[in-house]
Structure formats: structure tokens, C-alpha cells
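Residue numbers (the numbering used here): 453 to 851. C-beta: ideal position from N, C-alpha, C; glycine also.
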């Protein structure tokens with residue numbers, strides 16, 4: 453799908469590195485990763501270890517503090533994105549037609565766990581309402597009641613680790629078709645024992661708790677949690693934004709049915725996505741890069757085959773961001789793409805962290821130090837269980 457009129461005008465992000473995008477960006481430039489203790493510990497103890505994945509403390513209104521983590525993170529990034537865009541302060545805000553599209557579980561998994569643990573001692577109906585409420589519904593209520601927003605029906609998207617790109621694509625289509633004046637697109641995922649247990653059963657978790665994406669000695673993923681929210685508006689819309697981070701020029705998807713939890717070794721899913729993308733003048737490729745033995749190698753080989761046709765005269769910088777923030781599941785696309793937008797704004801490519809023995813590549817430079825570069829066009833990839841692949845292209849405006 454190609455887009456001509458979709459821009460990103462506001463960003464809100466929280467991750468284990470910090471509670472605000474500029475702060476996260478400062479930490480990234482220090483090449484800091486999640487705190488990694490040296491000892492190997494059992495899954496159950498690991499899931500309770502706050503050093504590994506939890507977001508720092510952040511403030512939200514007292515009336516919302518009883519809500520599950522995903523709700524609180526979502527509310528926090530919603531307010532950041534609105535403030536960043538300046539949307540509520542515009543004179544015509546209440547007349548503009550908007551919509552909330554939120555990705556991730558319809559409820560917080562940790563909240564669901566809490567519900568089942570406490571159901572014998574507390575009222576099930578109250579717990580069901582407070583812990584399992586749909587995020588998009590909750591955030592729409594906040595926008596209407598707190599900001600007086602004029603909203604169309606809200607949407608919830610769930611597509612595993614490609615959730616963010618699916619949510620963005622729905623918002624982009626509504627903007628491109630002229631249906632709406634603005635769209636709030638977001639995703640959040642909080643760590644839960646359910647998530648740990650599932651990936652533990654698949655033996656996909658790094659036993660050393662060190663994410664080595666794109667490294668030949670990678671041994672599994674490391675979890676993170678977080679949330680990110682974008683305000684998307686028409687480039688030529690009725691209301692003038694304070695700034696435009698970038699425009700979304702393409703989003704494409706690909707499917708394969710090799711296995712529910714293992715990518716097809718041929719890389720056909722990635723190839724189906726990449727083959728539909730405009731690969732000319734790509735300045736940087738942000739890969740999914742989970743650091744699992746299967747994913748990274750397959751992803752690089754699919755890119756190699758796709759870019760081979762371009763007869764490149766130079767290697768294209770390529771990187772993964774999960775070593776910095778962990779794998780944030782359904783929220784990873786929006787969180788990582790937000791960091792990419794900051795890289796584009798500052799024209800600095802971030803080094804691949806924990807990379808000592810890079811996967812060999814003919815057409816890509818797996819950069820190991822922060823690099824100054826004019827970044828105008830970026831390809832961002834995601835992959836998910838169920839043979840679900842996606843790609844998104846971000847471009848600077850006015851080029």
C-alpha cells in the first residue's frame with residue numbers, strides 16, 4: 453500500500469530505558485542496554501526481577517492508578533503524544549474528526565492473571581471491568597471526557613509482534629481516504645508470567661539474558677515492556693501541526709504457513725513483504741532482530757536476496773533495536789519506529805549493541821558504532837507468530 457498524505461505529528465513513548473522519548477534517545481546515545489545481571493536464574497524468578505524489563509516509575513492521575521500496567525502506560529503515552537503534537541490546543545480541535553486505533557492485547561495479560569488469582573476473594577464483575585477493559589475503549593473515553601475529542605468508533609488490533617504495523621496501516625488508510633482529520637495509533641505490552649512461560653516453552657529466551665541481535669552467537673530474546681503512541685494527520689489537512697516527524701510512504705504485509713511459531717527457513721514471508729516495497733534510496737534498514745537462532749539469519753538472507761537486484765554500489769546500514777529495550781511484543785513496532793524517527797531527526801544511526809561477531813552480509817553494514825548520516829528514507833520490518841510479516845517505509849517530508 454502506498455500513501456501520499458500521511459504524516460506523524462506527535463509521539464509518546466515509554467520503555468525500560470525511560471519515560472520520555474528524548475530521555476530514551478539520550479540513553480541510547482550512551483549505548484546503554486537493559487540491566488543484565490551475570491547469573492543465570494530460573495524463569496519464575498526471572499519474571500519477578502524488576503531490573504530486567506520494567507518501565508521506570510511514572511506519574512498518572514490518582515483515579516487511574518488502580519488500572520493494569522498496559523492501561524497506565526497507554527494513558528501516559530497518549531498524553532505525551534497529544535502534548536507533542538499540540539493537537540488539543542488548536543482552535544478547531546473539537547471540530548476535527550479523530551479515531552483511536554490501539555494495538556496489543558485487548559486486556560493486560562498481567563491484569564488477567566491478577567483477576568484469576570483474586571477471583572475467589574473479590575467480586576468478579578468489578579475485576580472484569582477494571583482489569584479486562586479494552587484499551588481502545590478506555591482511551592477513547594479519556595479523550596472524550598478529558599479533552600472533548602470528536603471521535604469515530606475506536607478499533608483494537610491484535611496481530612502478535614506485527615500488531616503495531618497493522619494498527620499504523622489502518623490509521624494510514626483512514627487518513628489517506630479522507631475519512632478522518634487525525635488518528636491516534638498506539639500499542640502497549642506489559643510483561644506477564646504467561647508471556648514468559650510461552651516463550652520459555654519454545655526455548656526462545658536467552659539463558660544469559662543478553663540480547664545479541666544479528667550476532668552469530670545469539671542465543672535468544674530478552675523481554676521488555678513499554679508503550680508508544682503516534683498522532684497521525686494528513687500532510688495537507690485542515691489543521692496545521694507544530695511539526696512533522698516524517699511521512700509514511702508504504703506499508704505492506706506478507707504471510708506464510710510453515711509453522712505457527714517458527715519462520716519458514718526460505719524467508720518467503722519476509723521476501724513477500726520486501727518485494728512489494730520501493731527499495732530505491734533506502735538509507736537504513738531496521739530489522740525485527742529478535743536474536744533467536746532462526747529469525748535473524750532468515751531475515752538477513754531474505755533482505756540479501758531482495759536487495760541483490762538493485763546492483764548496489766555501497767552497503768546499506770542495518771540495525772536492530774531490541775538489544776537496547778528488549779522485545780516489547782505487540783508494541784515493538786511503534787516503540788522501535790519511534791526511536792527510528794528520532795534517529796532521522798538527528799541524522800545519527802545507532803550502533804548495534806552487543807554485536808561482536810556479526811552475521812556475514814554482502815549488501816548491508818551491521819554498524820557497530822554510532823554514525824552520522826543524512827537519513828531520509830528508512831525501511832522498518834516486523835515479524836510475528838502465525839507467519840505474519842510486515843514492512844513500513846518512513847520518509848522525511850519535503851524532499
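| said: Do residue 833 and residue 793 count as a contact pair if the criterion is CB distance below 8 Å? | reply: The count along the chain shown starts at 1 and reaches residue 793 at position 341. The count along the chain shown starts at 1 and reaches residue 833 at position 381. Contact flag unset, no.
| Is it true that the CB of residue 480 sits closer than 8 Å to the CB of residue 801? | Taking the first residue of the chain shown as position 1, residue 801 is located at position 349. Taking the first residue of the chain shown as position 1, residue 480 is located at position 28. No, these two residues do not count as a Cβ contact at 8 Å.
| Got a sec? Which residues, its chain only, sit under 7 Å from residue 508 by beta carbon, not counting five neighbours each side? | As a first step, residue 508 must be located in the chain shown, where it is residue number 56. So the list reads 470, 471, once near-sequence residues are dropped.
| query | So, residue 715 versus residue 750, is the Cβ gap smaller than 8 Å? | reply | Taking the first residue of the chain shown as 1, we reach residue 715 at position 263. Taking the first residue of the chain shown as 1, we reach residue 750 at position 298. Result yes, Cβ atoms of residue 715 and residue 750 sit closer than 8 Å.
| query | What number of angstroms, rounded off, separates the C-alpha of residue 837 from the C-alpha of residue 614? | reply | Residue mapping note: residue 837 aligns to position 385 of the chain shown, counting from 1. Residue mapping note: residue 614 aligns to position 162 of the chain shown, counting from 1. So the two alpha carbons sit approximately 9 Å from each other.
| message | My assumption, with CB atoms under 8 Å, is that residue 556 sits in contact with residue 522. Please give the rounded CB distance. | response | Start at 1 with the first residue of the chain shown, and residue 556 comes out as number 104. Start at 1 with the first residue of the chain shown, and residue 522 comes out as number 70. Indeed, because the Cβ distance is near 6 Å, the residues count as touching under 8 Å.
| query | Can you tell me whether residue 661 is buried or exposed, with buried defined as 16 or more other CB within 10 angstroms of its CB? | reply | Counting from 1 along the chain shown, the entry for residue 661 is found at position 209. Buried.
| Does the count of Cβ pairs from the stretch 537 to 553 and the stretch 660 to 676 closer than 8 Å reach three? | The stretch 537 to 553 is not in contact with the stretch 660 to 676.
| field | Residues bridged to residue 833 (per DSSP) | value | Translated into positions along the chain shown, residue 833 becomes position 381. For residue 833, which the question treats as bridged, DSSP gives the partners 843.
| Is any beta-carbon of chain D found at less than 8 Å from that of residue 680? | In the structure shown, chain D cannot be found, because there is only a single protein chain.
| Residue span of the beta strand (DSSP E) that contains residue 816, given as start and end | The residue you call residue 816 lines up with position 364 of the chain shown. Taken as a continuous stretch (DSSP letters only), the beta strand (DSSP E) holding residue 816 covers 816 to 818.
| From residue 642 to residue 783, what distance separates their C-alpha atoms? | The sequence position of residue 642 within the chain shown is 190, counting from 1. The sequence position of residue 783 within the chain shown is 331, counting from 1. If you draw a straight line from the Cα of residue 642 to the Cα of residue 783, it is about 9 Å long.
| residue 703 and residue 844: beta carbons closer than 8 Å? | Here residue 703 refers to the residue found at position 251 when the chain shown is read from its first residue. Here residue 844 refers to the residue found at position 392 when the chain shown is read from its first residue. For residue 703 and residue 844, yes; Cβs fall inside 8 Å.
| query | Which same chain residues, not among the five before or five after residue 819, have their C-beta less than 7 Å away from its C-beta? | reply | Here residue 819 corresponds to residue number 367 of the chain shown, with the count starting at 1. Around residue 819, the same chain offers 769, 771, 801, 803, 804 as residues with beta carbons nearer than 7 Å, after the five sequence neighbours per side are excluded.
| said: So if DSSP puts residue 641 in a beta bridge, which residue, or which two residues, is it bridged to? | reply: The sequence position of residue 641 within the chain shown is 189, counting from 1. Answer is 678.
| field | Close beta carbons around residue 826, own chain, < 6 Å, minus the five adjacent residues each side | value | The sequence position of residue 826 within the chain shown is 374, counting from 1. Taken in chain order, the residues that qualify are 799.
| query | Using the beta-carbon count (16 or more within 10 Å), is residue 849 buried or exposed? | reply | Sequence index remark: in the chain shown, residue 849 carries index 397 (1-based). Exposed, since its Cβ has fewer than 16 Cβ neighbours within 10 Å.
| request: With a cut-off of 8 Å on the beta carbons, I'd call residue 841 and residue 724 a contact; round off their distance for me. | output: Reading the chain shown from its first residue, position 389 is the one you call residue 841. Reading the chain shown from its first residue, position 272 is the one you call residue 724. Sure, about 7 Å apart at Cβ, within 8 Å.
| said: Quick check on this structure: which residue in 672, 519, 600, 727 has the alpha carbon closest to the alpha carbon of residue 757? | reply: As a working mapping, residue 757 is identified with position 305 in the chain shown. Answer by Cα proximity: 727.
| message | For the beta strand (DSSP E) containing residue 463, name the first residue and the last one. | response | Counting from 1 along the chain shown, the entry for residue 463 is found at position 11. Counting along the chain, the beta strand (DSSP E) containing residue 463 begins and ends at 458 to 467.
| task | Label residue 543 either buried or exposed according to how many other C-beta atoms from any shown protein chain fall within 10 Å of its C-beta, with 16 as the threshold for buried. | result | Locating residue 543 in the chain shown gives position 91, counting from the first residue. Classification for residue 543: exposed.
| said: With distance defined between alpha-carbon atoms, name the residue in 680, 755, 821, 791 nearest to residue 813. | reply: Reading the chain shown from its first residue, position 361 is the one you call residue 813. With distances taken between Cα atoms, residue 813 lies closest to 755.
| Where does residue 727 sit, in a helix, a strand or coil, going by DSSP? | Here residue 727 refers to the residue found at position 275 of the chain shown. Looking at residue 727 - three-state DSSP - the assignment turns out to be coil, as it is neither helix nor strand.
| field | Span separating the alpha-carbon of residue 519 from that of residue 797 | value | In the chain shown, the residue the question calls residue 519 occupies position 67. In the chain shown, the residue the question calls residue 797 occupies position 345. Cα-Cα distance, rounded: 34 Å.
| Who are the Cβ neighbours of residue 821 in its own chain at under 6 Å, not counting the five residues just before and after it? | The residue labelled residue 821 in the question sits at position 369 within the chain shown. Same-chain partners within the cutoff: 803.
| query | Taking C-beta to C-beta, are residue 671 and residue 806 nearer than 8 Å? | reply | One-based indexing of the chain shown puts residue 671 at position 219. One-based indexing of the chain shown puts residue 806 at position 354. No, these two residues do not count as a Cβ contact at 8 Å.
| How far does the beta strand (DSSP E) with residue 736 in it reach, from first residue to last? | For this step, residue 736 is matched to residue 284 along the chain shown. Looking at the DSSP string, the run of the beta strand (DSSP E) that includes residue 736 is 736 to 738.
| field | residue 681 beta carbon less than 8 Å from that of residue 533 | value | Residue mapping note: residue 533 aligns to position 81 of the chain shown, counting from 1. Residue mapping note: residue 681 aligns to position 229 of the chain shown, counting from 1. In this structure, residue 681 lies closer than 8 Å to residue 533 by Cβ.
| message | One question on the structure: do residue 595 and residue 607 come within less than 8 Å of each other, judged by their Cβ atoms? | response | Residue mapping note: residue 595 aligns to position 143 of the chain shown, counting from 1. Residue mapping note: residue 607 aligns to position 155 of the chain shown, counting from 1. No, the Cβ-Cβ distance between residue 595 and residue 607 is not below 8 Å.
| Residue range of the alpha helix (DSSP H) that residue 745 falls in? | Position 293 of the chain shown, counted from the first residue, corresponds to residue 745. Start and end: 745 to 759.
| field | Which of helix, strand or coil DSSP assigns to residue 770 | value | In the chain shown, counting from the first residue as 1, residue 770 sits at position 318. Strand, per DSSP.
| Simplified DSSP state of residue 611, which is helix, strand or coil | The residue you call residue 611 lines up with position 159 of the chain shown. Residue 611: strand per DSSP, three-state reduction.
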